[in-house]
Amino acid sequence: MRAVQVQTTGGPEVLRAVEVDDPVAGEGQLLVEVAASGVNYIDTYHRTGVYPLPLPFTIGLEGAGTVVAVGEGVTRFAVGDRVAWASAPGSYAEKVAVPQDQAVAVPDGVALDVAAGAMLQGLTAHYLTASTYPVQAGDDVLVHAAAGGMGLLLTQLVKARGGRVIGTVSNAEKEKLAREAGADEVIRYTEVEVAPEVRGLTGGEGVAVVYDGVGKDTFDASLDSLRVRGVLALYGAASGQVPPVDLQRLNSGGSLFVTRPSLGHHLRTREELEWRAGEVLGAVARGELTISIGARYPLSDARQAHEDLEGRRTTGKVLLQPSA
Ligand code: NDP
Numbered sequence: 001m002r003a004v005q006v007q008t009t010g011g012p013e014v015l016r017a018v019e020v021d022d023p024v025a026g027e028g029q030l031l032v033e034v035a036a037s038g039v040n041y042i043d044t045y046h047r048t049g050v051y052p053l054p055l056p057f058t059i060g061l062e063g064a065g066t067v068v069a070v071g072e073g074v075t076r077f078a079v080g081d082r083v084a085w086a087s088a089p090g091s092y093a094e095k096v097a098v099p100q101d102q103a104v105a106v107p108d109g110v111a112l113d114v115a116a117g118a119m120l121q122g123l124t125a126h127y128l129t130a131s132t133y134p135v136q137a138g139d140d141v142l143v144h145a146a147a148g149g150m151g152l153l154l155t156q157l158v159k160a161r162g163g164r165v166i167g168t169v170s171n172a173e174k175e176k177l178a179r180e181a182g183a184d185e186v187i188r189y190t191e192v193e194v195a196p197e198v199r200g201l202t203g204g205e206g207v208a209v210v211y212d213g214v215g216k217d218t219f220d221a222s223l224d225s226l227r228v229r230g231v232l233a234l235y236g237a238a239s240g241q242v243p244p245v246d247l248q249r250l251n252s253g254g255s256l257f258v259t260r261p262s263l264g265h266h267l268r269t270r271e272e273l274e275w276r277a278g279e280v281l282g283a284v285a286r287g288e289l290t291i292s293i294g295a296r297y298p299l300s301d302a303r304q305a306h307e308d309l310e311g312r313r314t315t316g317k318v319l320l321q322p323s324a
């Protein structure tokens, strides 16, 4: 089968689609024929070695497909089942061995590519809005990169909980997408300064929570946009890691809270995975949550997919399609 491997860490050019042996379904594993693999920022951290993995490795964590074989001890799924996952190493491939405990059933009526696009970012947007800071009706919420994969999902989930979304984007095309997803206000941060705009839009108060996956470039504006006792959920670093911070700033800003959450810490048990995935995929099945697929690439173009994601040229979800 074909798989995208990293033999040495580095830029997008190290991604190579190569022929490898099919994986085997080990104990408790499903062998899945992949319909679509999700491209995520964490893949770029694995590729560059920011999060080191033993070399060589097949890159990718997320996907959806059809079970073609099951290993010993598999009880949850059978051959022919449609499944999706957010955490199965080696997912940029035609086939992948997925631990049954990481797989969830894809509801009828949800296409496999849509399910692949709903998992890693959908579960993240779920924990951020339901657990990290449970958004309340009437809350003002700042969502950075509102037209990105995470941003479009956060915007929809905040709106579903009755919050008011202020999104930031870099250009007019992204502003349109953010508004279509439900953003009430959109700040083009390339033209105006974010924190004063947020103050103006919130009667001087600031927002209850900032969802910030951009990191280094947005951190200061995020802190300056919070209301007294507001929460900064710094969930990523698309622009680079935030340098060390003087904690006294949390006091002068108004007894602020900062957290740096990860998906793994919010999928601690099978019950937690089923709860979050059930809510996300259920909302997709009912037409209440839209997975906006902004770009699709064949496995052989994984390099281009990473270049476009890191080059800020994508919107919504980026997928690889092994059959393309
Ligand atoms: P996006 O689709 O949001 O792409 C990143 C966007 O960030 C860009 O399109 C761009 O939007 C904005 N951006 C601003 N500055 C930069 C910069 N210097 N370089 C690149 N992008 C920049 O990506 P994802 O939705 O896939 O991921 C967003 C973040 O979420 C990542 O940091 C990722 O690590 C994090 N994440 C964290 C998880 C967790 O559990 N902690 C899980 C999943 C994702 P614009 O042009 O509008 O500025």
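Residue numbers for the sequence shown follow the UniProt record's numbering, so the first one is 1 and each next one is one higher. Glycine included, C-beta positions come from ideal geometry on N, C-alpha and C.
As a quick exercise: from the options, pick the residue whose alpha carbon is nearest that of residue i.
i: residue 126; options: 311, 222, 282, 306; result: 282
i: residue 184; options: 141, 79, 213, 226; result: 141
i: residue 235; options: 249, 160, 266; result: 266
i: residue 14; options: 47, 226, 88; result: 47
i: residue 160; options: 58, 78, 287, 96; result: 287
i: residue 171; options: 186, 7, 149, 208; result: 186
i: residue 41; options: 248, 31, 308, 322; result: 308
i: residue 29; options: 314, 99, 4; result: 99
i: residue 103; options: 123, 77, 204; result: 77
i: residue 304; options: 44, 157, 24; result: 44
i: residue 163; options: 176, 129, 174; result: 129
i: residue 61; options: 137, 93, 204, 155; result: 93
i: residue 176; options: 158, 147, 191, 196; result: 147
i: residue 158; options: 257, 210, 259; result: 210
i: residue 133; options: 201, 322, 260, 51; result: 260
i: residue 245; options: 275, 220, 196, 136; result: 220
i: residue 24; options: 263, 95, 268, 108; result: 95
Ends of the alpha helix (DSSP H) at residue i?
i: residue 216; result: Note, residue 216: premise wrong, no alpha helix (DSSP H); not H, not E.
i: residue 179; result: 172 to 180
i: residue 66; result: Counting along the chain, residue 66 falls outside any alpha helix (DSSP H), though it belongs to the beta strand (DSSP E) covering 62 to 70.
i: residue 303; result: 302 to 310
i: residue 116; result: 112 to 118
i: residue 249; result: 248 to 252
Using C-beta distances below 7 Å, list every residue in its chain close to residue i, excluding the 5 sequence neighbours before and after it, in chain order.
i: residue 110; result: 281, 284, 285
i: residue 291; result: 114, 117, 118, 284, 317
i: residue 255; result: 228, 229
i: residue 179; result: 186
i: residue 19; result: 2
i: residue 258; result: 232, 234, 250
Near residue i, what residues of its chain come up, given a Cβ to Cβ distance below 8 Å and the 5 sequence neighbours on each side ignored?
i: residue 319; result: 36, 37, 38, 39, 113, 116, 117, 293, 295, 296, 297
i: residue 215; result: 234, 236, 237, 238, 239, 240, 241, 242
i: residue 270; result: 101
i: residue 106; result: 64, 82, 83, 84, 112, 115, 281
i: residue 207; result: 139, 140, 141, 142, 166, 198, 225, 226, 227, 230
i: residue 57; result: 5, 6, 46, 89, 90
i: residue 66; result: 32, 33, 35, 80, 81, 82, 83, 112
i: residue 327; result: Past the edges of the chain, shown from 1 to 324, lies residue 327, and the structure says nothing about it.
i: residue 131; result: 266
Here's a check: name, in chain order, each residue in its chain whose Cβ is nearer than 6 Å to the Cβ of residue i, leaving out the five neighbours to either side.
i: residue 212; result: 144, 218, 222, 234
i: residue 26; result: 71
i: residue 49; result: 9
i: residue 17; result: 2, 4, 299, 300
i: residue 181; result: 152, 155, 156
i: residue 55; result: none
i: residue 205; result: 227
Following the continuous beta strand (DSSP E) through residue i, name the residue where it begins and the one where it ends.
i: residue 37; result: 29 to 39
i: residue 296; result: 293 to 297
i: residue 259; result: 257 to 259
i: residue 19; result: 15 to 19
i: residue 320; result: 317 to 320
i: residue 7; result: Looking at the DSSP string, residue 7 is not in any beta strand (DSSP E), and its letter there is neither H nor E.
i: residue 82; result: 82 to 85
Since residue i sits in a beta bridge, which residues does DSSP pair it with?
i: residue 275; result: DSSP output for residue 275 lists no bridge partner at all.
i: residue 194; result: Beta-bridge pairing links residue 194 to no other residue.
i: residue 140; result: 164
i: residue 212; result: 234
i: residue 99; result: 29
i: residue 187; result: 168
i: residue 77; result: Its beta-bridge partners do not exist; DSSP assigns none.
i: residue 2; result: 19
i: residue 58; result: 5
i: residue 148; result: 316
i: residue 207; result: 226
i: residue 130; result: For residue 130, which the question treats as bridged, DSSP gives no partner whatsoever.
i: residue 93; result: 3
Heavy atom of the ligand MN less than 7 Å from the Cβ of residue i, yes or no?
i: residue 79; result: By its list of ligands, the structure shown excludes the ligand MN, since it contains just the ligand NDP.
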